[in-house]
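K.L.:
There's a structure below that I have some questions on.
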Amino acid sequence: MALYAVCSAKGSPGVTTLVAAMALGWDRPVVMADLDAGGGDLALRYRDERGRPLDQDLGLVSLAALSRRSTTTTPIGPHLQVPLGGPPILVGVARPEQVGALGPAWGPLAQSLAAYEGDVLADCGRVTAGAAVTPVLAAADALLFVVRPTMEELYHLRERLGGLAEQLGSRDIHGRRIAVAVVGSDRNRTGASDVQRLLDASGSGATVVGVFVEDAKGALRLRYDLAGVPARSVVLRSAGVVGARVRELAAHDLTAAMGV
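Sequential numbering of the sequence shown, starting at 2, is according to this note's numbering.
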């Protein structure tokens, strides 16, 4: 259906936590894909339905190995693992060194993710210039940047969006396929409008889709237990709003491309 690349321009503002929270409230079949070049966390955080650790050899690495030898798009289904209480996961690399070894497989990997019959939430971690995961960003139906409303993070976000405009083409920027989730508190959600004004002034074309609330208790529980987070928790409710708006953004871009 659709591929959503979730990432940050600087630091660790909570990309993996947001991906997990959105996935739990997604309104249609979805997969979490761990593509963080710094090393995947999903396999370390969660266990399978029998309480066993997820297999770190079954996932991105096994999919890449088959993709290199195949002349057609490799289905991701056989490489997915189901954690207790959550949607399927495509486990990422165990070590950053493995990312470089994937090399030219990133292009076919992006095609496999985009061809999946359900939605894919790809945790791309921190995205820098020339990042290995760039083919996935190019194939995505929408990009979602996670940012804290600090001067430093907003500066790096603006610069990264400018770099993406050159890498991916102006359509991806001015077609407003790029979304931004602002990490904030439940008591102060005014930061989203401030960030939107800054993005508008920079001409990035990015759309702020909501505030992902820093709920320390809920986020900690979500970190290791997908089944134990109440549906009405602040962390899941705020992630649900962000996810719904990102889906709307991607759907709008698709209809525009079709001339509807």
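For each residue, glycine too, the CB sits at the ideal point set by N, CA and C. Since this is a predicted model, take the numbers as computed values, not measurements.
(1) Measure how close the beta-carbons of residue 1 and residue 184 come, nearest whole angstrom, since I'm counting them as under 8 Å.
(2) Please go through the same chain and pick out, in chain order, the residues whose beta-carbon is closer than 6 Å to the beta-carbon of residue 173, but skip the five residues on each side of it.
(3) Going by beta-carbon coordinates alone, are residue 124 and residue 226 separated by less than 8 Å?
(4) Distance, Cα to Cα, residue 163 vs residue 149?
(5) Just the C-alpha distance for residue 72 and residue 43, rounded to the nearest angstrom, thanks.
(6) Is it buried or exposed, residue 83, if we count other Cβ atoms within 10 angstroms and call 16 or more buried?
(7) Flag this pair as yes or no: are the beta carbons of residue 154 and residue 14 separated by less than 8 Å?
(8) Let me know the secondary structure DSSP gives residue 103 once reduced to three states.
(9) Could you pull out every unbroken alpha helix (DSSP H) segment of at least 4 residues lying fully inside the stretch 157-233, listed in chain order?
(10) Compare the beta carbon distance of residue 142 and residue 251 with 8 Å and say whether it is the shorter of the two.
(11) Does the distance from the CB of residue 181 to the CB of residue 210 come in under 8 Å?
(12) Are the beta-carbon atoms belonging to residue 89 and residue 32 less than 8 Å from one another?
(13) Can you tell me the Cα-Cα spacing of residue 98 and residue 156, whole angstroms?
(14) Please report the residue range of the alpha helix (DSSP H) in which residue 23 lies.
(15) Helix, strand or coil for residue 13 per DSSP?
(16) Quick check: the stretch 212-220 against the stretch 234-241, are at least 3 beta-carbon pairs closer than 8 Å?
(17) Within 10 angstroms of its Cβ, does residue 223 collect 16 or more other Cβ (buried), or is it exposed?
(18) Could you tell me which residues DSSP pairs with residue 145 in its beta bridges?
(19) Provide the residue span of the alpha helix (DSSP H) that contains residue 137, from first to last.
(20) Determine the extent of the alpha helix (DSSP H) in which residue 62 is found, giving its start and end residues.
(21) Taking DSSP's pairing of strands, which residues face residue 124 in a bridge?
(22) If you compare alpha carbons, which of 6, 179, 11 and 57 is closest to residue 151?
(23) Assign residue 221 to one of two classes, buried (16 or more other C-beta atoms within 10 Å of its C-beta) or exposed (fewer than that).
P.N.:
Per the coordinate set shown:
(1) Since the first residue shown for the chain is 2 and the last is 261, residue 1 is missing from the structure and cannot be characterised.
(2) Locating residue 173 in the sequence shown gives position 172, where the first residue counts as 1. Because the pLDDT of residue 173 is 48, which lies under 50, any placement of that residue in the model is unreliable, and the number read from its coordinates should be weighed accordingly. Once the five neighbours on either side are set aside, residue 173 has no close Cβ partner at all.
(3) Taking the first residue of the sequence shown as 1, we reach residue 124 at position 123. Taking the first residue of the sequence shown as 1, we reach residue 226 at position 225. Not closer than 8 Å, so no.
(4) The sequence position of residue 163 within the sequence shown is 162, counting from 1. The sequence position of residue 149 within the sequence shown is 148, counting from 1. C-alpha separation (whole angstroms): 18 Å.
(5) In the sequence shown, counting from the first residue as 1, residue 72 sits at position 71. In the sequence shown, counting from the first residue as 1, residue 43 sits at position 42. Answer to the nearest angstrom: the Cα atoms are 29 Å apart.
(6) By 1-based counting over the sequence shown, the position of residue 83 is 82. By the neighbour-count rule (16 or more Cβ atoms within 10 Å), residue 83 is not buried but exposed.
(7) The count along the sequence shown starts at 1 and reaches residue 154 at position 153. The count along the sequence shown starts at 1 and reaches residue 14 at position 13. Yes. Within cutoff.
(8) Residue numbering aside, residue 103 sits at position 102 when the sequence shown is read from its first letter. It is helical.
(9) 171-175, 192-203 and 217-225
(10) By 1-based counting over the sequence shown, the position of residue 142 is 141. By 1-based counting over the sequence shown, the position of residue 251 is 250. Result yes, Cβ atoms of residue 142 and residue 251 sit closer than 8 Å.
(11) As a first step, residue 181 is located in the sequence shown; it is residue number 180 there, counting from the start. As a first step, residue 210 is located in the sequence shown; it is residue number 209 there, counting from the start. Yes. Within cutoff.
(12) Reading the sequence shown from its first residue, position 88 is the one you call residue 89. Reading the sequence shown from its first residue, position 31 is the one you call residue 32. Contact flag set, yes.
(13) Residue 98 sits at position 97 when you count from the first residue of the sequence shown. Residue 156 sits at position 155 when you count from the first residue of the sequence shown. So the alpha carbons of these two residues sit roughly 29 Å apart.
(14) Indexing the sequence shown from 1 puts residue 23 at position 22. Counting along the chain, the alpha helix (DSSP H) containing residue 23 begins and ends at 16-25.
(15) The sequence position of residue 13 within the sequence shown is 12, counting from 1. Correct three-state label for residue 13: coil.
(16) yes
(17) Translated into positions along the sequence shown, residue 223 becomes position 222. So residue 223 ends up on the buried side.
(18) Against the sequence shown, residue 145 aligns to sequence position 144. 7 and 180.
(19) Position 136 of the sequence shown, counted from the first residue, corresponds to residue 137. Segment 135-140, the alpha helix (DSSP H) holding residue 137.
(20) On the sequence shown, residue 62 is found 61 positions in, with the first residue counted as 1. Element bounds for residue 62: 61-70.
(21) Numbered from its first residue, the sequence shown carries residue 124 at position 123. Per DSSP, 7 and 35.
(22) Here residue 151 refers to the residue found at position 150 of the sequence shown. Of the candidates 6, 179, 11 and 57, the one whose C-alpha sits nearest the C-alpha of residue 151 is 11.
(23) Residue numbering aside, residue 221 sits at position 220 when the sequence shown is read from its first letter. With fewer than 16 Cβ atoms within 10 Å of its Cβ, residue 221 is classed as exposed.
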